[in-house]
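The sequence shown runs 41 to 567 under my numbering.
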Amino acid sequence: MVKNGELIGRYRVESIIGSGGMSRVYKVKDMRVGTYLAMKEILLKDATFLNAGYAEAFVLKNVNHPALPRIVDILRTENSYCVVMDLIDGLNLEEYVKKYGGFSESEAIKIGNTILDCLIFLHSKKILYRDLKPSNIMLTNNNEIKLIDFGISFSFEKSENNMASKNFAPPEQLIGKDAGVAGDIYSFGATLKYILKKEPSPGMVLFINRCLKTNPNERYKSADTALKALKKIKNVNEKEVKRLKRIVGKNLFFLLMFFVSITGIFLCTKVKSKRLDYEALVKGACDSPDSNERKENLLKLIEKEPCSEWYLRLLDEYKNDYVFDDFESKEIEKLLERDEKKLKENDLKTICESIGRIYLFYYKDMNDENDNYIQKDLNDENENYIRATYWFDKASVDERDRDVYARIGHFLSEIQMMILEGKDAGMYAKYYSDLSEILNDVSQKEGVVRIEVYSLFADSILAYGADFYREGISIDEMNNKLEVIEKILNEENGGRKFEKEKEGILKRIKEAKGELDYVEKYFEREY
41 MVKNGELIGR YRVESIIGSG GMSRVYKVKD MRVGTYLAMK EILLKDATFL
91 NAGYAEAFVL KNVNHPALPR IVDILRTENS YCVVMDLIDG LNLEEYVKKY
141 GGFSESEAIK IGNTILDCLI FLHSKKILYR DLKPSNIMLT NNNEIKLIDF
191 GISFSFEKSE NNMASKNFAP PEQLIGKDAG VAGDIYSFGA TLKYILKKEP
241 SPGMVLFINR CLKTNPNERY KSADTALKAL KKIKNVNEKE VKRLKRIVGK
291 NLFFLLMFFV SITGIFLCTK VKSKRLDYEA LVKGACDSPD SNERKENLLK
341 LIEKEPCSEW YLRLLDEYKN DYVFDDFESK EIEKLLERDE KKLKENDLKT
391 ICESIGRIYL FYYKDMNDEN DNYIQKDLND ENENYIRATY WFDKASVDER
441 DRDVYARIGH FLSEIQMMIL EGKDAGMYAK YYSDLSEILN DVSQKEGVVR
491 IEVYSLFADS ILAYGADFYR EGISIDEMNN KLEVIEKILN EENGGRKFEK
541 EKEGILKRIK EAKGELDYVE KYFEREY
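1. Would you mind reading off the limits of the alpha helix (DSSP H) that contains N153?
2. Bridge partners of C122, per DSSP?
3. Is it right to say R548 is buried, meaning 16 or more other beta carbons lie within 10 angstroms of its own, or is it exposed?
4. Based on Cα-Cα distance, which residue from N183, E532, M125 and D126 lies nearest to D330?
5. In whole angstroms, what separates the C-alpha of K434 from that of N386?
6. Classify G74 as buried or exposed, calling it buried when 16 or more other Cβ atoms lie within 10 Å of its own Cβ.
7. Any idea what DSSP makes of K615, helix, strand or coil?
8. Relative to the alpha-carbon of L522, which residue among N530, R378, A325 and F497 has its alpha-carbon at the smallest distance?
9. As a quick exercise: from R334, E368, I342 and I155, pick the residue whose alpha carbon is nearest that of D264.
10. How would you label A320, buried or exposed, when you count the other beta carbons within 10 angstroms and need 16 or more for buried?
11. Which value, in whole angstroms, describes the spacing of the CA atoms of Y234 and I225?
12. So is V281 buried or exposed if we call it buried at 16+ other beta carbons inside 10 Å?
13. Quick one, are the C-beta atoms of V559 and A506 less than 8 Å apart?
14. What is the rounded straight-line gap between the Cα of N181 and the Cα of G130?
15. Contact check, I478 vs D441 under 8 Å by CB: the rounded distance?
16. According to DSSP, simplified to helix, strand and coil, what is Y169?
17. When you compare the CB positions of S59 and L83, do they come within less than 8 Å of one another, or not?
18. Which residues in the same chain as S369 place their Cβ atom closer than 6 Å to its Cβ, once the five residues preceding and following it in sequence are excluded?
19. Decide if the segment 237-245 is in contact with the segment 139-146; the criterion is three or more beta carbon pairs, one per stretch, under 8 Å apart.
20. Starting from M178 and walking both ways along the alpha helix (DSSP H), at which residues does that stretch end?
21. Which whole-angstrom value describes the C-beta separation of I391 and Y430, a residue pair presumed to lie in contact below a C-beta threshold of 8 Å?
22. For the ligand HEM, is there a heavy atom less than 7 Å away from the beta-carbon of Y399?
23. Identify which residue in E393, E134 and K69 has its Cα closest to the Cα of D113.
24. Is R52 helix, strand or coil by DSSP?
25. Which residues in the same chain as Y402 place their Cβ atom closer than 7 Å to its Cβ, once the five residues preceding and following it in sequence are excluded?
26. L127 to S495, Cα distance in whole Å?
27. Return the CA-CA distance between E333 and R170, expressed in angstroms with no decimal places.
28. At the level of alpha carbons, what is the spacing between K80 and L108?
29. Quick check: C251 and G223, are their CB atoms within less than 8 Å of each other?
30. Taking K540 and S328 to be in contact with their CB atoms under 8 Å, please state how far apart those CB atoms are, rounded to whole angstroms.
31. So the alpha helix (DSSP H) L354 belongs to, where does it begin and stop?
32. Just verifying my parser: in three-state terms, what is the DSSP assignment at L479?
33. Between Y51 and V123, how many whole angstroms is the CB-CB distance? I'm expecting something under 8 Å.
34. The beta strand (DSSP E) with L232 in it runs from where to where?
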């Protein structure tokens, strides 16, 4: 068994995440880049587990879908081999159901849409999932759905496998027969039934029952067919409502007379309906597991109520994938052109300064025929800085601050390539100096700006703490700044968004302090 602190290649084992019959999974840190990843260790002594593990590595290496983890590396050790992949933080759906009781039908349908879309993709690549169940589906901290644990996934040509989980596996798979696409459909239906909080609607009952047919030929023929049926559930339920309306039709006259006598109810209902519509948009913008749906709801909220909260949430969505592209930049510019005169002065400045930073740190231009993202070189025409300067001017950001932001943006855009080329020496001390400068000046900024700077500082310690130390930054110096941030955050209160982000930063500060303790024990300084 791998021990905490052990180095495997360039990955340091931090802790064990979980274990099962096929493998053990660890949280690891890439010591070259500073990011945290998951590493699945598969023991070589068992041929069955070995084949299953190789299947997972093969599947993940050859597919790319938003709902699937990205494989980063495959390593061999003396007694095992290890698959390094994205670390997915959150709860699996089994944990979520046990903790919160499950999902509403509308939420379950959204989750189901994502899962089926992923199955459509896999099946198009001739790959069967074969072990779809709630514990293999993650709801991430960013409200995204991810399918994990491809340990028994096989291509259509490799059908010899019956290792699936009993409660969610199709009957034919449990007795050793080939499950095929229909098997994944059955497991999907069983999973959907499990995650529902309340009794399903008539339309949902029809859908689940068909997925769970004992005869595979009676199930939906494909994930695509199932997805189309799932999207029609609302229409099925509306038909049931119409049937109920016909039943009460005989009493319509009396009902009409009653409502005419109290016409004020109509106006109250209309106001209540508008309030409920607004609350639904807020819930969709804040809590939906689907990023595109969150954006759609935010755009509607911005149209109804232009304010910094909705704009800043939209900017957060833009940078979730670490890319701010041409489409997004044009979209935000068009929105502000429409709303500039409606926004309060301070709100407008906060939004403009945030746009400036997102241009510096995340902007990438789509400038090749294959729509590949190619980032402009910050030394070549300095396009990111030029674009950011426009927004800093609108926000009245002083020249010294914008220069510091530009240097930070330059470091973040260049550092990974410099690491790969072995040219990163000497960059870290200057970066730390820039971080410290902007940190010292942030106390008078808007809360959202402070939160972003505090977050950047904590993340930088986690990623580059050892490099700062090697280039002469003392452990005490870094710890002191972390403690100052911690004290400020603990004394400050704000809205729901602020409190949620504060909680995340405080957690990362704790991790950063632990990282510095490790660095002090095991790393040598170069200066």
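Cβ coordinates follow ideal geometry from the N, Cα and C atoms, glycine included.
Reading it off the structure:
1. Boundaries of the alpha helix (DSSP H) harbouring N153: E145 to S164, taken from the DSSP string.
2. DSSP lists E81 and L115 as the bridge partner or partners of C122.
3. So R548 counts as buried.
4. Considering only alpha carbons, the answer is N183.
5. When rounded, the separation of the alpha-carbon atoms in K434 and N386 is 11 Å.
6. Classification for G74: buried.
7. The question about residue 615 has no answer, for the chain in this structure spans 41 to 567.
8. Put simply, of N530, R378, A325 and F497 the residue whose alpha carbon is nearest the alpha carbon of L522 is F497.
9. Of the candidates R334, E368, I342 and I155, the one whose C-alpha sits nearest the C-alpha of D264 is I155.
10. Here A320 is exposed: its Cβ has fewer than 16 other Cβ atoms, across all protein chains shown, within 10 Å.
11. Straight-line Cα distance between these residues: approximately 14 Å.
12. Because the pLDDT at V281 is just 44, under 50, the model does not fix this residue reliably, and the point stays unresolved.
13. A506 is positioned such that its CB atom lies closer than 8 Å to that of V559.
14. Going by the C-alpha atoms only, they are around 5 Å apart.
15. Between the beta-carbon of I478 and that of D441 there is about 7 Å, and that keeps the pair under the 8 Å contact cut.
16. In the structure shown, Y169 sits in coil (DSSP, three-state: anything other than H, G, I, E or B).
17. No, these two residues do not count as a Cβ contact at 8 Å.
18. Taken in chain order, the list of residues that qualify is empty.
19. Counting Cβ pairs under 8 Å, three or more are found: they touch.
20. Looking at the DSSP string, M178 is not in any alpha helix (DSSP H); the run it does join, the beta strand (DSSP E), is I177 to T180.
21. Contact between I391 and Y430 does not hold, since the beta-carbon distance rounds to 13 Å and is not under 8 Å.
22. Absence of the ligand HEM from the depicted structure is noted, as is the absence of any ligand whatsoever, leaving it without description.
23. Cα-wise, what sits closest to D113 is K69.
24. Three-state result, R52: strand.
25. Answer for Y402: K359, Y362, V363 and F364, listed in chain order.
26. The straight-line gap from Cα to Cα measures roughly 19 Å.
27. Their backbone Cα atoms lie some 29 Å apart in a straight line.
28. When rounded, the distance between both Cα atoms is 15 Å.
29. Taking 8 Å as the Cβ cut-off, C251 and G223 do not qualify as a contacting pair.
30. That belief does not hold up - the Cβ atoms of K540 and S328 are roughly 15 Å apart, past 8 Å.
31. Counting along the chain, L354 sits inside the alpha helix (DSSP H) bounded by residues S348 to K359.
32. L479: helix per DSSP, three-state reduction.
33. With a Cβ gap of about 11 Å, Y51 and V123 do not count as contacting.
34. Element bounds for L232: not the beta strand (DSSP E) but the alpha helix (DSSP H), G220 to I235.
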